[in-house]
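Remarks on the structure that follows.
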Amino acid sequence: MLVFTADGHFWPEPYSAALYEVLKEASHQGELTEVQAIEIIKAGLFKNANRILIQHEM
3 MLVFTADGHF
13 WPEPYSAALY
23 EVLKEASHQG
33 ELTEVQAIEI
43 IKAGLFKNAN
53 RILIQHEM
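In our numbering, each residue's number is its place in the sequence shown (first place is 1) plus 2.
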């Protein structure tokens with residue numbers, strides 16, 4: 003499971019930058035579309051983080 007975290011600074015977490023590079027390369031090689039790459043980022047980073055935060059608040 004991937005989860006997005008932010009500390010309020012301008013520099014992205016290292017794994018976010020690495021994930022971007024992997025998905026960019028996969029998109030350039032035709033292994034997935036840009037839309038699929040965006041959905042992977044949304045699901046893995048944004049949606050998982052929200053799901054955990056909502057569970058934590060309960």
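For each residue, glycine too, the CB sits at the ideal point set by N, CA and C.
Taking C-beta to C-beta, are A45 and L25 nearer than 7 Å?
For A45 and L25, no; Cβs fall outside 7 Å.
List the endpoints of the continuous alpha helix (DSSP H) containing K26.
First-last of the alpha helix (DSSP H) with K26: P16 to H30.
Starting from A39, trace the alpha helix (DSSP H) in both directions and tell me its first and last residue.
A39 -> alpha helix (DSSP H) spans E36 to I43.
In whole angstroms, give me the CA-to-CA distance for H30 and Q57.
If I take the Cα positions, the gap works out to 37 Å.
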